[in-house]
Each structure stands twice: as C-alpha cells, then as structure tokens.
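Worksheet: one structure, shown below.
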Amino acid sequence: MARMKTEARHEAILAAAKEVFQEDGFDRASMDEIAARTGSSKATLYRYFATKEALFQELVSRMAIEFGGDGMSFLYKSIGVGAGVELPKEAMDTLSLLDPARDVEQTLKEFGRHALRHFHTPQRFAATRMLIAAAADPEIGRMFYERGSLRAMKLTEEYFAGLIEAGQLRQSDPAVVARHFRGLLESEVHEAGLFNVRTTLSEEHITEVVDR
C-alpha cells in the first residue's frame, strides 16, 4: 500500500510539473507552485526530486519515450521558444537564410550572425544541458539528436551540396563542409556558453566571430 501511494504521488508530481512548465516556462516555474498543485509540502516534493532541473529532466525523458516528437514540443515550449514537432521556428527561420541563389559570402555571414544571435542564449544552453542529462538514456539521446540537431545539419548539407554541384565551391563532401562551417561558428564561444561562463554575446563580438 505504501509503495502504491509513493508511486501515485510521484505520478501526481510529474503531472503537476508538466502543467506548470507548460504554463510558466522552465525559468519562471517554481517548486512552490508544483507542490501546491499536488497538495504537498515542498519538503515532500524535494524527497522525490532534489532540484527543479532533476524534475524537468525526468519529465522530458518520460515524454520522449511515451510521445516521441511531442517530447520535443514540450521541451521547446517549456524553454520559451515555441516549436513544431521537430525543429523550433527560430531554427527553421535561420536555415531558410541558406538561399543558393544569393551571394555565398553574404549568405553565410548573415546565417552566422542570425545563428549566434538566436542560439547563443541562456535559455538555449539551459535546454542543451538538460538534453545532455536526459540523453544518459541512449534511446532518448538518439531521438533528440535525429529529430533536432541532425535534421538541422542535413538541411545545411543540402545547401552546401547545391553550391558544390553548381561549381561555386570546390568538390568536397557536403557533410564535412557543413560540420566544419558549424565548427567555425561555435569554436570560439560554444564551450563558454555550455559551461555557463558566457551565455550572451554582444553584436560586436558576433560580428567579429562571423567575419574572421
């Protein structure tokens, strides 16, 4: 009986947390509100989940397993970016800048500035850290990678493949070109953001990174 009550309380906490994260987003969601919705004390809540991050990670993992793409949508909504099933609107807007009909240098610079401006943010890095934690389960990691990062990379590859085929770039593997390009954009700034050292960039710094 005690075990059944414990499991029921655990499920009730997850259900309440899902509502709060969806309504308020991760940053503004509070453990007080989650506890209140379950009729529990904060002390009881913390016996189940030591931190808000741990609660969110379990919820994302659960949704990824049970609902697939809906898990992605829940994550994006909770961190305040608004999303479709696979890639958030901001990602698709950035990728849409890769127009092979436009000047290559100007296109890549505009893409780079837009990407750093919209993805080098505290919210994005917080989400990345949570995804990494949830990816301790390899199946969850595979789902998020294939539906998120890999899909974005494939679209970037298609852009470079078109340029190579048109003779605007020398013959190369577009998959390698796309990853090297991403590496050039991220190499100076990504780790500092991921480790919560520098999660925002000035416009001047963005321009310096992109123009090198």
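Residue 68 in numbering that gives the first Met the number 0 is what sits at position 69 of the sequence shown, and the numbering runs on without skipping anything.
Every residue gets a Cβ at the ideal spot worked out from N, C-alpha and C, and that includes glycine.
Query raised in the report: With distances taken from CA atoms, which of LYS153, VAL176, MET129, LEU200 is nearest GLN56?
Result: If we check each option's Cα against that of GLN56, MET129 comes out closest.
**Report entry** Burial state of VAL209 (16 or more Cβ within 10 Å)
**Finding:** Buried is the call here.
Query raised in the report: Whose C-alpha, out of HIS9, ARG211, SER148, GLU145, is nearest the C-alpha of PHE48?
Result: For the options HIS9, ARG211, SER148, GLU145, the alpha carbon positioned closest to that of PHE48 is the one of HIS9.
Query - Cα-Cα separation, TYR158 to LEU115 - result: For TYR158 and LEU115, the gap between their C-alpha atoms comes out near 19 Å.
Query raised in the report: Does the pairing of the segment 180-200 with the segment 121-137 give three or more beta-carbon distances under 8 Å?
Result: Flag = yes, the segment 180-200 and the segment 121-137 touch.
Query raised in the report: To which residues of the same chain is ALA15 closer than 7 Å at the C-beta, ignoring the five residues directly before and after it?
Result: ILE33, ARG36, THR37, listed in sequence order.
Query raised in the report: Are the Cβ atoms of ALA28 and PHE20 separated by less than 8 Å?
Result: A contact, by the Cβ cut-off of 8 Å.
Query raised in the report: Should ALA100 go down as buried or exposed, given a rule of 16 or more other Cβ atoms within 10 Å for buried?
Result: Exposed, since its Cβ has fewer than 16 Cβ neighbours within 10 Å.
Query raised in the report: With PHE143 and ALA151 assumed to form a contact (beta carbons below 8 Å), what rounded beta-carbon distance in angstroms separates them?
Result: 12 Å between Cβ atoms; not a contact.
Query raised in the report: With a cut-off of 8 Å, does the C-beta of ILE12 fall near any C-beta of chain B?
Result: No chain B appears in this structure, which consists of one protein chain only.
Query raised in the report: Three-state secondary structure (DSSP) at HIS204?
Result: Collapsing the DSSP output to three states places HIS204 in a helix.
**Report entry** CA-to-CA distance, LEU94 to LEU86, given in whole angstroms
**Finding:** Between LEU86 and LEU94, the C-alpha separation is close to 10 Å.
Query - Backbone secondary structure at PRO173 - three-state DSSP - result: Note: PRO173 maps to helix in three-state DSSP.
Query raised in the report: Could you give the residue range of the alpha helix (DSSP H) that holds PRO121?
Result: That run of the alpha helix (DSSP H) goes 121-133.
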